[in-house]
Amino acid sequence: MRAVVVDSPGGPQALRVAQVPEPEPGPGQLLLDVAAAGVNRADLLQRAGHYPSPPGAPPWPGLEVAGTVAAVGPPATTHDGAPLAGASPQVGDRVAALLAGGGYADRVVVDATHVLPVPAHVSLVDAAGLPEAVATLWSNMRAAHLAPGETVLVHGGSGGVGSVAVQVLHALGHRVVATAGGAERCARVAALGADVVVDHRAQDVREVVQGATEGRGVDVVLDVLGGRALGDNVRLLAEGGRLVVIGLQQGARGELDLPALMARRGSVIATTLRDRPAAQKTRIVQDVREHVWPLVLDGRVRPVVQERLPLADAARAHELLERGDVFGKLLLLP
Numbered sequence: 079m080r081a082v083v084v085d086s087p088g089g090p091q092a093l094r095v096a097q098v099p100e101p102e103p104g105p106g107q108l109l110l111d112v113a114a115a116g117v118n119r120a121d122l123l124q125r126a127g128h129y130p131s132p133p134g135a136p137p138w139p140g141l142e143v144a145g146t147v148a149a150v151g152p153p154a155t156t157h158d159g160a161p162l163a164g165a166s167p168q169v170g171d172r173v174a175a176l177l178a179g180g181g182y183a184d185r186v187v188v189d190a191t192h193v194l195p196v197p198a199h200v201s202l203v204d205a206a207g208l209p210e211a212v213a214t215l216w217s218n219m220r221a222a223h224l225a226p227g228e229t230v231l232v233h234g235g236s237g238g239v240g241s242v243a244v245q246v247l248h249a250l251g252h253r254v255v256a257t258a259g260g261a262e263r264c265a266r267v268a269a270l271g272a273d274v275v276v277d278h279r280a281q282d283v284r285e286v287v288q289g290a291t292e293g294r295g296v297d298v299v300l301d302v303l304g305g306r307a308l309g310d311n312v313r314l315l316a317e318g319g320r321l322v323v324i325g326l327q328q329g330a331r332g333e334l335d336l337p338a339l340m341a342r343r344g345s346v347i348a349t350t351l352r353d354r355p356a357a358q359k360t361r362i363v364q365d366v367r368e369h370v371w372p373l374v375l376d377g378r379v380r381p382v383v384q385e386r387l388p389l390a391d392a393a394r395a396h397e398l399l400e401r402g403d404v405f406g407k408l409l410l411l412p
């Protein structure tokens, strides 16, 4: 089968399509014919040599796909040989899958408990833009102990995670403040359900947030910036607020204003999703299935896709994402 491989770390041109062995599903796994793979910023880091696949995962990029079940591996069993309870998709089912790697390919193998059913009203191709975003959002909102009615600031509301986060949080009744760059992108984020959208190119984010919250600040910041934004984000928090760092677009290191954090009795949380143990991912996907996926099933949350590109154009997809020109997700089609 074909896959997009990286022979040596580098820029987008380090990506190339190559023939690789087709995977075979093991116990408790599914083989999927890939309809599309989502492109994420973690893929850019992997291509550059900074975020290698965890042990056991294919060495090429791709953290999420959607496709059709082509084969089902043997049932997973406990140590004494009893079948494990859990999801049991069948050949022909349409699913979206969370992966540890290897999505840029014609076929993938995935744990059967790491998939979500794609409803008939959602394009199977576009569904590839959902698994990583919903799992990232929900696992981090759990880590932040998000309570009903709290206000959340979503940095990068026009991004792959942000465009889904705005929809989910709005649908669940939270007040959503989001940032985006430029008037057009801000208008589109507002249409997704954000109550307040800050144009970070033209407005002072802290000033707008303070005005929108009557000086209180926000309960949770979902931050894709990291690094240099650390101090500013702490100062956006309300009393008891939580800063959740999920990205490093502004670097891996920053200065933490401890007096400001202490004055707010705040906390800083940082997580990754890709390298979590399989059992943790199973729990996250089950949680998403229970709490978030109904919003997809009833149409309140949808994938936001800017462009669908052939697998051979993976380098172009990475270039677009690096330039910051993407609203929502880019997808690669085998």
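The opening position of the sequence shown corresponds to residue 79 in our numbering, with each subsequent residue numbered one higher. All C-beta atoms in this analysis are idealised placements derived from N, C-alpha and C, irrespective of residue type, glycine included. Values in this document were obtained by computation on a predicted structure and should not be read as measured data.
Only residues of its own chain outside the window of five on either side were considered, and among them 151, 152, 187 have a CB closer than 8 Å to the CB of residue 104, listed in chain order. Residue state for residue 168 is assigned as coil, using DSSP reduced to three classes. The segment 175-182 and the segment 97-116 touch, with three or more beta-carbon pairs separated by less than 8 Å. Taking 8 Å as the cut-off, the Cβ atoms of residue 177 and residue 233 do not count as close.
Rounded to the nearest whole angstrom, the CA to CA distance from residue 146 to residue 102 is 15 Å. DSSP places residue 130 in the coil class of the three-state scheme, outside both helix and strand. Here residue 116 carries a strand assignment [DSSP, helix/strand/coil]. CA-to-CA, the gap between residue 375 and residue 95 works out to about 34 Å. The beta carbon of residue 98 sits closer than 6 Å to the beta carbons of 81 from its chain, once the five residues preceding and following it are set aside; these are given in chain order. The C-beta distance from residue 192 to residue 175 rounds to 6 Å, short enough to fall under 8 Å.
A straight line joining the alpha-carbon of residue 133 with that of residue 353 spans about 9 Å. In this structure, the straight-line span from the alpha carbon of residue 339 to that of residue 296 is close to 13 Å. Comparing alpha carbon positions, the residue from 278, 246, 271 closest to residue 260 is 278.
Beta-bridge annotation (DSSP): residue 109 is paired with 149, 187. A distance of 8 Å or more separates the beta carbons of residue 381 and residue 411. Look at residue 241 here: in three-state DSSP terms it is helix. In the three-state scheme derived from DSSP, where H, G and I count as helix and E and B as strand, residue 397 is classed as helix.
In the assembly as shown, residue 137 is an exposed residue. Its beta-carbon has fewer than 16 other beta-carbons within 10 Å.
Of the candidates 237, 126, 356, 266, 126 places its Cα closest to the Cα of residue 83.
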